[in-house]
Every structure is written in C-alpha cells, then in structure tokens.
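Asker: Here it is, the structure, as structure tokens.
Residue numbers (mature numbering (1 follows the signal peptide of the UniProt record, and there is no 0)): -19 to -1, 1 to 306.
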C-alpha cells in the first residue's frame, strides 16, 4: 500500500513537472512586439490596427502566441524617447515605430532589436535605412511617400487661378520638413509658390492656419502628424475664411478636408504586419526592401468644398473612390 502511494505521488510529481515544462514551452513560443506611435489620429490608428491584423493573418495572434505592448507619445518627443527606453528594458522580439519620430526613437534605443517602421515618408533621409532596396542593419518597413504632381494637378483643376499654396507643418518633424523642401520645387511648373506656416506643436496649428488667410489661395497639408492630429481646427479656419484645405491622407477627408489623393493606411499597416511576421519567422530586416504603396485613390468632401467656395465638377465626383456629403 505504501509502495502504491509512493508511486502515485511520484507520478503526480512527474505530471506537475511535465505540465510546467509544457507551459514553459508555450511561454517560450510567445513573441513580444512593442508598438509605439507619435500621436493618435485616424491614419496612424488604422496603421496600428492593420499591423495587428497582418500579424494575425500570419499566425501571430495576440493572447495566444503574441504579446503586444502599445504606447502613444501623445505628440511629445520627450515622452517618445522615454517609451523607446522602456521598450529597450522590455527586450521585445520586435519593435514597431509608426511615424518618423517614433521609428527614429526605437532605432536609437533598441540597437540590437529588429525594427519595423510604418508611415515614414523618407526613411533614407530620416537615417532609418541605407537605401530602400537594401535597408541594411536591423530596420525596414513601409513608406507613405507619394508623388506631389497628381495632387497639384487636382488643386489646379479645381482652382485654376491659384498662385499661392499654403503649407502648415512642424519643422521639427523630419519627414514634414523634407516634404516642404520638395514641394517648393514641385509647385513651380504649376505656376505656384509655396507659403510656409510652421507650427512646432499641435496647439499652434490653428494659429498657423489663420496666418495663411489672405496670404494663400489654398492650403495643402503634408503628411505631418502634428498637424493631422488637430485637423479639425484647420478645417474650421478654412470654412470661415473660404480658404480651401487639401490633405495628403484620405482619412482627413472624412474629417473635413476638401480633397485628398492617397492610399489606405490600414492596408499599409497590414503589409507592415506581414513584414513583421517575416522577421519573427527568422528573416533578416536587411533582406526586406522598404515597401511603398503605388495606389492613388481620390477622396472628396462636397460639404467642405461648398463651405470653402469650391465647386467640384460632376466628372471628378464620378471617378472618386469616396465622396463625403
């Protein structure tokens, strides 16, 4: 009897040990992905959602074999640096920086961790990769850089007499500053000049918009997270002053911008998530080229156009992917 009892206890102990081994194995299989973004607004939120979906489609599902740590810097660069330092202490399997400042911060802080960036306009100029084709190192991702000519053509089609194009941007955000420099040259063939209205933080964006009243015929908002996060303030100025506001991301049209040519940020997020899955599967970021969307969808807001003094022709409405009324 004592022998049987001893055997039973031994078997129970082995069972417990075996269960612990299985649980430890599951824990070892769980990957940790740390995601940070400079500020919350619809385009970046769509990217983040797409990344999680892209990972799930490849078998990395949150709560099963994936742990996601997500942090917003709330538009504050000092907070962004703190988040990156926090991630370095976590030692995740992969870090994701959505937006240029977020990607730069995690690359700087996590020197031995693979990094995926998303919604970065100029990854080479931002110092994230050596080249788009051969990133090198531990960083790669997706870019939201788009050609300027189609947007400028759209503005001139709607406003043939426009001569001065206002641009509101944060000069401290590398990708925004680069876009403005490029736009200075891009507007010349269209008979326009650029009128700059810098805003170093979101609380100054509305004032920057008001400064363009009487100085610009229209406003084009670049891909700038500081500005886009408070887009409604710019739209309000545009509607009151009859100053048309154009955007570089299609989500802004739902929020009141007159028109935009762009692509689906959610789909870009899914692509970024698939690239992240490739890295978790063992592929080197150095061997994954930077991906750039080649689609240009037209979004129009009829209500905003009327308030800003612009008439959208029927043929343009007919070819738009989405019309907000």
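The beta carbon of each residue, even a glycine, is placed where N, CA and C say it ideally should be.
Which residues bound the alpha helix (DSSP H) around residue 255?
Answerer: To locate residue 255, count along the chain shown from 1; it is residue 274. From DSSP, the alpha helix (DSSP H) with residue 255 extends over 246 to 261.
Asker: Just to confirm the assignment: which complete beta strand (DSSP E) runs, minimum length 3, are found wholly within the stretch 119 to 185?
Answerer: Counting whole runs of 3 or more residues, the stretch 119 to 185 contains the beta strand (DSSP E) stretches 120 to 124, 145 to 150 and 174 to 179.
Asker: Once the 5 residues before and after residue 222 are set aside, which same chain residues still bring their CB inside 7 Å of it?
Answerer: Here residue 222 is taken as the residue at index 241 of the chain shown, counted from 1. Once the five neighbours on either side are set aside, the close Cβ partners of residue 222 are 194.
Asker: Based on DSSP bridge pairs, tell me the residues matched to residue 280.
Answerer: Taking the chain shown and counting its residues from 1, the one referred to as residue 280 is at position 299. In DSSP, residue 280 forms a bridge with 241 and 303.
Asker: Helix, strand or coil: which one does DSSP assign to residue 208?
Answerer: Your numbering for residue 208 matches position 227 in the chain shown. It is helical.
Asker: Determine the closest residue to residue 303 out of 251, 258, 235 and 291, with distance taken between C-alpha atoms.
Answerer: Counting from 1 along the chain shown, the entry for residue 303 is found at position 322. Minimum Cα distance to residue 303 is reached at 235.
Asker: From residue 28 to residue 98, what distance separates their C-alpha atoms?
Answerer: Taking the first residue of the chain shown as 1, we reach residue 28 at position 47. Taking the first residue of the chain shown as 1, we reach residue 98 at position 117. Going by the C-alpha atoms only, they are around 11 Å apart.
Asker: Can you find at least 3 beta carbon pairs, one from the stretch 65 to 82 and one from the stretch 94 to 111, that sit closer than 8 Å?
Answerer: At 8 Å Cβ cutoff, the stretches touch.
Asker: Which whole-angstrom value describes the C-beta separation of residue 207 and residue 44, a residue pair presumed to lie in contact below a C-beta threshold of 8 Å?
Answerer: Residue numbering aside, residue 207 sits at position 226 when the chain shown is read from its first letter. Residue numbering aside, residue 44 sits at position 63 when the chain shown is read from its first letter. Contact doesn't hold; Cβ gap of about 34 Å is too wide.
Asker: Can you have a look at residue 112 and say buried or exposed, based on whether 16 or more other CB atoms are within 10 angstroms of its CB?
Answerer: Here residue 112 refers to the residue found at position 131 when the chain shown is read from its first residue. Exposed is the call here.
Asker: Where does residue 32 fall in DSSP's three states?
Answerer: The residue labelled residue 32 in the question sits at position 51 within the chain shown. Note: residue 32 maps to helix in three-state DSSP.
Asker: Assuming residue 88 is part of the alpha helix (DSSP H), what are its boundary residues?
Answerer: Against the chain shown, residue 88 aligns to sequence position 107. Segment 81 to 90, the alpha helix (DSSP H) holding residue 88.
Asker: Alpha carbons only, please: which of 290, 296 and 283 is nearest the one belonging to residue 306?
Answerer: For the purposes of this step, residue 306 is identified with residue 325 of the chain shown, where counting begins at 1. Ranking 290, 296 and 283 by Cα distance to residue 306 puts 283 first.
Asker: Using three-state DSSP, classify residue 17 as helix, strand or coil.
Answerer: In the chain shown, counting from the first residue as 1, residue 17 sits at position 36. Residue 17 falls in the strand class under three-state DSSP.
Asker: Near residue 62, which residues of its chain fall below 7 Å by C-beta distance, leaving aside the five closest residues on each side in sequence?
Answerer: As a working note, residue 62 is residue 81 in the chain shown. So the list reads 86, once near-sequence residues are dropped.
Asker: Could you check whether residue 254 and residue 35 sit closer than 7 Å to each other, using their CB atoms as the reference points?
Answerer: Here residue 35 refers to the residue found at position 54 of the chain shown. Here residue 254 refers to the residue found at position 273 of the chain shown. Yes, the Cβ-Cβ distance between residue 35 and residue 254 is below 7 Å.
Asker: Output the boundary residues of the beta strand (DSSP E) element that contains residue 97.
Answerer: Sequence index remark: in the chain shown, residue 97 carries index 116 (1-based). Its beta strand (DSSP E) spans residues 96 to 101.
Asker: So what's residue 66 in DSSP terms, helix, strand or just coil?
Answerer: Here residue 66 corresponds to residue number 85 of the chain shown, with the count starting at 1. Residue state, collapsed to three classes: helix.
Asker: What does residue 194 pair with, by DSSP beta-bridge criteria?
Answerer: As a position in the chain shown, residue 194 is number 213, starting the count at 1. Beta-bridge pairing links residue 194 to 197.
Asker: Here's the rule: buried if 16 or more other CB atoms are within 10 angstroms of the residue's CB, otherwise exposed. What is residue 12?
Answerer: Numbered from 1 along the chain shown, position 31 holds the residue referred to as residue 12. Buried: at least 16 other Cβ atoms inside 10 Å.
Asker: Out of 230, 213, 117 and 256, which one is the CA nearest neighbour of residue 285?
Answerer: As a position in the chain shown, residue 285 is number 304, starting the count at 1. Here the closest residue by C-alpha is 213.
Asker: On the DSSP letters alone, give me the boundaries of the alpha helix (DSSP H) that residue 234 sits inside.
Answerer: Counting from 1 along the chain shown, the entry for residue 234 is found at position 253. It spans 232 to 235 - the alpha helix (DSSP H) in which residue 234 sits, taken as one unbroken run.
Asker: Would you kindly work out how many angstroms separate the C-alpha atoms of residue 229 and residue 277, rounded to a whole number?
Answerer: Residue mapping note: residue 229 aligns to position 248 of the chain shown, counting from 1. Residue mapping note: residue 277 aligns to position 296 of the chain shown, counting from 1. Going from the Cα of residue 229 to the Cα of residue 277 covers about 10 Å.
Asker: Look at the Cβ atom of residue 241, then the Cβ atom of residue 117, and state whether they are nearer than 7 Å.
Answerer: Here residue 241 refers to the residue found at position 260 of the chain shown. Here residue 117 refers to the residue found at position 136 of the chain shown. No, the Cβ-Cβ distance between residue 241 and residue 117 is not below 7 Å.
Asker: Please classify residue 154 as buried or exposed, where buried requires at least 16 neighbouring CB atoms within 10 angstroms.
Answerer: The residue you call residue 154 lines up with position 173 of the chain shown. When all chains shown are included, residue 154 counts as buried.
Asker: Quick one: grab the DSSP three-state call for residue 228.
Answerer: Residue numbering aside, residue 228 sits at position 247 when the chain shown is read from its first letter. Here residue 228 sits in strand by DSSP.
Asker: Work out the CA separation of residue 188 and residue 307 for me, nearest whole Å.
Answerer: Outside the displayed span of the chain (-19 to 306) sits residue 307, for which this structure offers no information.
Asker: Could you say which of 209, 172 and 173 lies nearest to residue 190 if we only look at CA atoms?
Answerer: By one-based count along the chain shown, residue 190 stands at place 209. The option with the nearest alpha carbon to residue 190 is 209.
Asker: Would you mind giving the Cβ-Cβ distance between residue 168 and residue 175, rounded to the nearest angstrom? I have them listed as a contact below 8 Å.
Answerer: Sequence index remark: in the chain shown, residue 168 carries index 187 (1-based). Sequence index remark: in the chain shown, residue 175 carries index 194 (1-based). At roughly 6 Å, the Cβ-Cβ gap stays under 8 Å, so residue 168 and residue 175 are in contact.
Asker: Relative to the C-alpha of residue 23, which candidate in 114, 232 and 104 has its C-alpha closest?
Answerer: Start at 1 with the first residue of the chain shown, and residue 23 comes out as number 42. Comparing Cα positions, the closest option is 232.
Asker: Would you say the beta carbon of residue 219 is closer than 6 Å to some non-hydrogen atom of the ligand SAM?
Answerer: What this structure holds is no ligand at all, so the ligand SAM is not there to describe.
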